[in-house]
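A short worksheet on the structure shown next.
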Amino acid sequence: MKFNKDEVCILIPTLNEAPTIGNVVKEFKALGYNHILVIDGKSTDNSVKFAREAGANVRTQSGKGKGNAIIEAFEVIEQPYILMLDGDGTYSSKDAEKMLTPLFLGFDQVIGDRLMNAEEGSFSRLNLFGNHMLNLLFKIA
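Plus 3 on top of the position in the sequence shown (first one is 1) and you've got the working numbering.
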(Lines of atoms letter the chains of each structure in order from A and count residues from 1; the text may use other names and numbers.)
(Lines give C-alpha, C1' and ligand atoms only; values in the text may rest on other atoms or scores of the structure.)
Protein backbone atom coordinates (compact mmCIF):
# COMPACT_ATOMS: atom_id res chain seq x y z
CA MET A 1 0.00 0.00 0.00
CA LYS A 2 1.28 3.45 -0.88
CA PHE A 3 0.86 6.24 1.64
CA ASN A 4 1.96 9.83 2.00
CA LYS A 5 5.23 9.85 3.94
CA ASP A 6 4.81 13.57 4.57
CA GLU A 7 2.02 12.60 7.00
CA VAL A 8 4.52 10.64 9.12
CA CYS A 9 6.90 11.88 11.79
CA ILE A 10 9.77 9.56 12.63
CA LEU A 11 10.33 10.13 16.35
CA ILE A 12 13.67 9.12 17.82
CA PRO A 13 14.32 9.79 21.52
CA THR A 14 18.09 9.66 22.09
CA LEU A 15 20.68 9.66 24.81
CA ASN A 16 24.31 9.17 23.78
CA GLU A 17 23.64 7.45 20.45
CA ALA A 18 26.51 9.08 18.51
CA PRO A 19 27.79 5.83 16.94
CA THR A 20 24.43 5.06 15.30
CA ILE A 21 22.04 8.04 15.15
CA GLY A 22 23.45 9.52 11.95
CA ASN A 23 22.95 6.30 10.01
CA VAL A 24 19.47 5.78 11.44
CA VAL A 25 18.39 9.24 10.26
CA LYS A 26 20.05 8.79 6.85
CA GLU A 27 18.26 5.47 6.29
CA PHE A 28 14.85 7.07 6.86
CA LYS A 29 15.76 10.07 4.71
CA ALA A 30 16.78 7.69 1.90
CA LEU A 31 13.34 6.07 2.09
CA GLY A 32 11.62 9.44 1.64
CA TYR A 33 10.71 10.33 5.22
CA ASN A 34 11.28 14.07 5.58
CA HIS A 35 9.91 14.66 9.08
CA ILE A 36 12.45 13.13 11.46
CA LEU A 37 12.39 14.46 15.01
CA VAL A 38 15.16 13.59 17.43
CA ILE A 39 14.42 14.45 21.05
CA ASP A 40 17.78 14.35 22.78
CA GLY A 41 18.11 13.77 26.52
CA LYS A 42 21.17 16.00 26.92
CA SER A 43 23.67 13.62 25.34
CA THR A 44 27.30 14.11 26.29
CA ASP A 45 28.61 12.68 23.02
CA ASN A 46 28.05 13.95 19.47
CA SER A 47 24.51 12.58 19.06
CA VAL A 48 22.99 16.01 18.42
CA LYS A 49 25.66 16.95 15.89
CA PHE A 50 25.37 13.69 13.93
CA ALA A 51 21.56 13.73 13.94
CA ARG A 52 21.50 17.31 12.61
CA GLU A 53 24.14 16.59 9.98
CA ALA A 54 22.06 13.64 8.78
CA GLY A 55 19.02 15.90 8.37
CA ALA A 56 16.96 15.46 11.53
CA ASN A 57 15.14 18.21 13.38
CA VAL A 58 16.76 18.00 16.83
CA ARG A 59 15.39 19.30 20.11
CA THR A 60 16.97 18.95 23.52
CA GLN A 61 14.41 17.82 26.06
CA SER A 62 13.92 19.91 29.16
CA GLY A 63 13.16 16.98 31.44
CA LYS A 64 14.60 13.51 31.91
CA GLY A 65 13.72 10.07 30.62
CA LYS A 66 12.11 8.55 27.56
CA GLY A 67 8.58 9.21 28.80
CA ASN A 68 9.31 12.91 29.13
CA ALA A 69 10.93 12.92 25.67
CA ILE A 70 7.75 11.47 24.19
CA ILE A 71 5.54 14.04 25.95
CA GLU A 72 7.71 16.89 24.72
CA ALA A 73 7.72 15.45 21.19
CA PHE A 74 3.92 15.19 21.10
CA GLU A 75 3.74 18.91 21.88
CA VAL A 76 5.57 19.81 18.63
CA ILE A 77 4.71 17.04 16.15
CA GLU A 78 2.25 18.21 13.50
CA GLN A 79 1.97 15.03 11.42
CA PRO A 80 -1.02 12.74 12.09
CA TYR A 81 1.12 9.57 12.17
CA ILE A 82 4.14 8.87 14.37
CA LEU A 83 6.65 6.06 14.12
CA MET A 84 8.82 5.92 17.23
CA LEU A 85 12.03 3.94 17.41
CA ASP A 86 15.33 3.86 19.25
CA GLY A 87 18.38 5.66 17.91
CA ASP A 88 20.70 2.69 18.35
CA GLY A 89 19.86 1.04 15.04
CA THR A 90 17.99 -1.86 16.65
CA TYR A 91 15.08 -1.48 14.24
CA SER A 92 15.42 -1.54 10.47
CA SER A 93 14.08 1.42 8.51
CA LYS A 94 12.90 -1.14 5.96
CA ASP A 95 10.23 -2.27 8.44
CA ALA A 96 8.67 1.20 8.62
CA GLU A 97 6.17 0.57 5.85
CA LYS A 98 4.99 -2.66 7.51
CA MET A 99 4.46 -0.76 10.76
CA LEU A 100 2.71 2.23 9.18
CA THR A 101 0.40 0.50 6.68
CA PRO A 102 -2.15 -0.61 9.33
CA LEU A 103 -2.43 3.01 10.52
CA PHE A 104 -3.27 4.21 7.03
CA LEU A 105 -5.87 1.42 6.87
CA GLY A 106 -7.61 2.84 9.94
CA PHE A 107 -6.04 1.08 12.90
CA ASP A 108 -5.40 3.26 15.97
CA GLN A 109 -1.95 1.94 16.82
CA VAL A 110 0.62 -0.67 15.90
CA ILE A 111 3.06 -2.14 18.40
CA GLY A 112 6.19 -3.97 17.27
CA ASP A 113 7.66 -6.91 19.14
CA ARG A 114 11.38 -7.41 18.65
CA LEU A 115 11.32 -10.70 20.57
CA MET A 116 8.80 -12.37 18.27
CA ASN A 117 10.56 -14.42 15.60
CA ALA A 118 13.96 -13.49 17.01
CA GLU A 119 16.86 -15.38 15.50
CA GLU A 120 18.51 -18.07 17.58
CA GLY A 121 21.15 -16.46 19.79
CA SER A 122 20.13 -12.87 19.06
CA PHE A 123 19.45 -12.29 22.76
CA SER A 124 21.65 -13.45 25.60
CA ARG A 125 20.09 -15.35 28.47
CA LEU A 126 20.65 -12.30 30.65
CA ASN A 127 18.72 -10.11 28.17
CA LEU A 128 15.83 -12.57 28.02
CA PHE A 129 15.74 -12.91 31.81
CA GLY A 130 15.84 -9.12 32.27
CA ASN A 131 13.03 -8.60 29.75
CA HIS A 132 10.95 -11.28 31.45
CA MET A 133 11.46 -9.74 34.90
CA LEU A 134 10.62 -6.23 33.70
CA ASN A 135 7.46 -7.51 32.03
CA LEU A 136 6.42 -9.18 35.29
CA LEU A 137 7.04 -5.98 37.24
CA PHE A 138 4.93 -3.94 34.82
CA LYS A 139 2.09 -6.48 35.05
CA ILE A 140 2.15 -6.21 38.85
CA ALA A 141 2.22 -2.39 38.87
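All C-beta atoms, glycine included, are put in the ideal place defined by N, C-alpha and C.
Range covered by the beta strand (DSSP E) that runs through residue i
i     : result
Leu40 : 39 to 43
Anticipated Cβ contact below 8 Å, residue i with residue j, distance rounded
i      : j     : result
Glu10  : Pro83 : 6 Å
Leu108 : Ile13 : Not confirmed; about 19 Å, so no contact.
Ile80  : Leu40 : 6 Å
Gly58  : Val28 : 6 Å
Identity of the residues DSSP links to residue i by a beta bridge
i     : result
Thr63 : Asp43
Pro16 : Ile42
Tyr36 : Partner(s): none; Tyr36 has no beta bridge.
Val11 : Tyr84
Neighbourhood of residue i by C-beta, 7 Å cutoff - its chain only, sequence neighbours within 5 removed
i      : result
Gly35  : Lys8
Asn130 : none
Phe53  : Ala21, Ile24, Gly25
Asn49  : Ala21
Cβ shell of residue i (< 8 Å), same chain only, five flanking positions each side left out
i      : result
Val113 : Met102, Leu103, Pro105, Leu106
Nonlocal neighbours in the same chain, by C-beta distance under 6 Å from residue i, ignoring five residues either side
i     : result
Pro16 : Ile42, Lys69, Ala72
Gly66 : none
Arg62 : Ile42
Residue i - containing alpha helix (DSSP H), residue span
i      : result
Leu199 : Residue 199 lies beyond the residue range present for the chain, which begins at 4 and ends at 144; the question has no answer from this structure.
Lys69  : 68 to 79
- Query: With a cut-off of 8 Å, do at least 3 Cβ pairs link the region 87 to 103 to the region 15 to 34?
  - Reply: yes
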